[in-house]
Structures are given as C-alpha cells and as structure tokens.
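Residue numbers (numbering that gives the first Met the number 0): 0 to 203. First up is the structure itself, then whatever we jot down about it.
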Amino acid sequence: MNITSAKFVMSNSDIKKCPIDNKAEYAFIGRSNVGKSSLINMLTNHKGLAKISTKPGKTQLVNHFLINDQWYLVDLPGYGFAKVAKNTKQRFSKLIFSFIESRPNLINLFVLVDCRHEPQTKDVDFMEWLGVNGIPFSIIFTKADKLSKQKLSENVKAYEKELLNSWEEMPPFFISSASSGLGKEEILNSIDETNKTVLLQKRK
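Structure follows, in structure tokens:
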C-alpha cells in the first residue's frame with residue numbers, strides 16, 4: 000500500500016465525539032517514549048503529522064487521521080512512565096480503555112514495544128487484557144536500528160518466551176525503525192490486506 004494522503008481530522012478527550020462512520024480504524028498505542036509519533040510519521044510519509052516530543056506523555060488525546068480517504072489511523076495516548084499528574088494518568092487510562100472497548104470499527108490495535116528492553120510488566124499485562132477481551136492486536140517492535148541483529152533477535156525471543164506463558168502462540172508482530180523505514184512495507188501491507196478482507200465480508 001502507498002499512502003498518498005494523510006489528513007488530520009480531529010483530537011478528542013470524549014469518545015462520543017470521535018468520527019462516526021463506517022471507515023476502518025487502526026490504532027497505535029504504547030508506553031510513553033516508545034517512538035509512536037516517529038513511527039506514524041514514517042508510515043504516512045509526513046514528518047509533522049504526529050507531534051514528536053522529548054517529554055514522555057505528550058499525546059493526551061485521541062487523534063484521528065484519515066488515510067487515503069479510506070481508513071483512519073488513530074494515535075492513542077501512551078501509557079507507562081508519562082510524567083503527568085496522577086489524576087491525568089487516570090484520565091488517560093479511562094480514555095484509552097473506553098476507546099478500545101467502544102469503537103465498533105476498530106479493526107486492529109498496534110501495540111508498540113521498544114525492542115531495546117526486556118519484557119515490561121505493563122506491556123505484557125496490557126496485551127493479556129486485550130486477549131481476554133477479544134481485542135485484535137499486533138505488536139510492533141520499535142527502534143530496531145538501535146540494536147545489532149543478534150541482540151534484536153534475542154530480545155524478540157525473550158518477549159516470545161514471556162508471552163507464551165499465557166498464549167498458545169506468539170501474536171502477530173513486526174520489526175520497525177522510524178529512522179531507516181524498516182517494517183513500513185510490512186505494516187502497511189498488513190493493513191491493506193485486512194481492509195480488503197473487511198470489505199469482502201461486508202459485501203457478503
């Protein structure tokens with residue numbers, strides 16, 4: 000898939016005000032400072048689409064972007080060690096889970112994980128919650144350019160070992176680098192193929 004247009008639509012702190020139509024949504028979420036904004040900008044060929052900040056927790060709203068006038072890319076607030084007040088963190092959590100649970104057109108949730116670190120409890124617990132609640136998701140290991148191929152492989156296998164304590168098989172995953180563009184084609188092709196499947200199902 001080639002992205003020819005990426006338009007900002009709206010930011011919301013109220014799920015009820017998010018776009019209401021039949022376009023598919025693909026949401027991106029991860030611990031603060033995981034490289035989410037950089038990845039979104041890389042995927043969309045738009046350096047300034049998602050705002051990048053050195054301060055964790057910059058994204059505080061649900062941001063919708065219309066891609067190729069066909070589907071929505073949704074930038075969700077990060078979770079984890081965001082340097083924000085306790086009541087703000089609670090608002091983040093409520094907003095995130097409300098969105099995930101209430102959006103009928105949410106086709107897939109991309110959970111971003113920094114490949115440089117060992118499996119983090121917050122990430123693993125979040126994925127287990129998604130599984131229990133039947134939320135379709137994929138993992139994107141970010142910042143792959145920061146590691147050697149051997150170390151990257153070791154860290155991904157460590158995640159696989161951890162997740163297989165609860166899962167029968169490893170959830171779908173991608174390896175990415177916002178700097179080099181690694182993973183871009185695979186991620187976008189996955190969305191494209193899923194969109195085609197969803198369209199066929201609607202026609203039946």
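Beta carbons are placed, not taken as given, at the ideal position from N, Cα and C, and that holds for glycine.
In the same chain as S147, and ignoring 5 residues on each side of it, no C-beta atom comes closer than 6 Å to its own.
7 Å or more divides the Cβ of Y71 from the Cβ of I190. Assigned with DSSP and collapsed to three states, A157 falls in helix.
Annotation note: the region 28 to 72 contains the following uninterrupted beta strand (DSSP E) runs of length 3 or greater, listed N- to C-terminal: 61 to 66. If you check the CB distance, F64 and F7 come in under 7 Å. Under the 8 Å Cβ criterion, the region 100 to 107 does not count as touching the region 36 to 50, having fewer than three qualifying pairs. N194 carries a helical assignment under DSSP once its states are collapsed to helix, strand and coil.
The beta strand (DSSP E) runs lying completely inside the region 100 to 144 and spanning 3 residues or more are 105 to 113 and 136 to 141, given in chain order. Across the structure, P118 and Y158 are spaced so that their CA atoms are roughly 6 Å apart. Distance between Q69 and P18, taken at the CA atoms: about 13 Å. A direct Cα-to-Cα measurement between G130 and N44 gives close to 31 Å.
Ranked by how close their Cα comes to the Cα of I95, the residues K15, E185, N164 and T120 have K15 in first place. Between F140 and I174, the CB-CB gap stays under 7 Å.
For A5, the enclosing beta strand (DSSP E) begins and ends at A5 to N11. Contact annotation: I2 and I66 have beta-carbon atoms nearer than 7 Å. C-alpha of R30 to C-alpha of M126: approximately 12 Å in a straight line. The residues L42, F109, I139, F173 and S175, in chain order, have a CB closer than 8 Å to that of I186 in the same chain once the five nearest residues on each side in sequence are set aside. In this structure S10 is in contact with N62, their Cβ atoms being roughly 5 Å apart against a cut-off of 8 Å.
Secondary structure of I95 (DSSP, three-state): helix. Per DSSP, the continuous beta strand (DSSP E) segment holding I174 begins and ends at F172 to I174.
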